[in-house]
Amino acid sequence: MTATAADAAPRVKRPYRPKTTDEMVAGVRRQIRGLEARAMDEEPSHMPPAMLELAAEMEDAAVRVVARMRMIGYRWDDIAAPLGLSKQACFNRYGIKAAAWADGYQATRPSMPAGLNELQRHWWASGRAARIADDRAAAETAA
20 MTATAADAAP RVKRPYRPKT TDEMVAGVRR QIRGLEARAM DEEPSHMPPA
70 MLELAAEMED AAVRVVARMR MIGYRWDDIA APLGLSKQAC FNRYGIKAAA
120 WADGYQATRP SMPAGLNELQ RHWWASGRAA RIADDRAAAE TAA
């Protein structure tokens with residue numbers, strides 16, 4: 020008698036584990052290498068603009084991260100050290116762009132309520148509260 024799929028033991032589903040930052044970075048690197056290989060194998064004329072767009076998006080993401088770090092109280096020294104930059108070089112590279120982004124971000128989000136403890140203030144400043152408020156407003160508008 021042969022075993023069928025129905026007779027086999029049920030497959031145990033692994034619990035969800037969020038990816039670490041290192042795992043996400045490794046995945047992005049693999050995708051970039053794939054784009055590079057595709058540019059070499061296929062018609063490469065459209066790849067340089069696409070890769071420049073990706074580089075610009077990565078730079079914009081870095082600006083947003085720096086702006087959020089500044090919003091929750093990190094000093095320029097704290098931001099510059101892991102990047103291998105001086106605080107002056109870090110400010111020159113990200114300061115004006117991060118301040119402009121933060122100004123626009125602050126203008127579009129609700130103000131921080133009074134009476135929050137330190138953890139709640141950190142959560143609010145990280146932008147999660149604003150995204151939740153935006154999602155609720157969009158749901159109310161759609162309803």
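Heads up, the sequence shown is in our numbering, so the first residue is 20 and it goes up one at a time.
Beta carbons are placed, not taken as given, at the ideal position from N, Cα and C, and that holds for glycine.
Small disclaimer: the values here were computed from a predicted structure and weren't measured.
C-beta contact flag for residue i and residue j at 8 Å
i      : j      : result
Ala74  : Ala117 : no
Cys109 : Trp120 : no
Collapsed DSSP secondary structure at residue i in the structure displayed
i      : result
Asn136 : coil
Arg33  : coil
Ala28  : coil
Run of the alpha helix (DSSP H) containing residue i, from where it starts to where it stops
i     : result
Thr40 : 40-60
Inset, instruction - Tell me, please, whether the stretch 79-96 touches the stretch 51-60 by the rule of three or more beta-carbon pairs shorter than 8 Å. - result: no
Legend entry - Ranges of the alpha helix (DSSP H) found wholly within the stretch 65-130, counting only runs of at least 4: 66-90, 95-102, 106-109, 115-126
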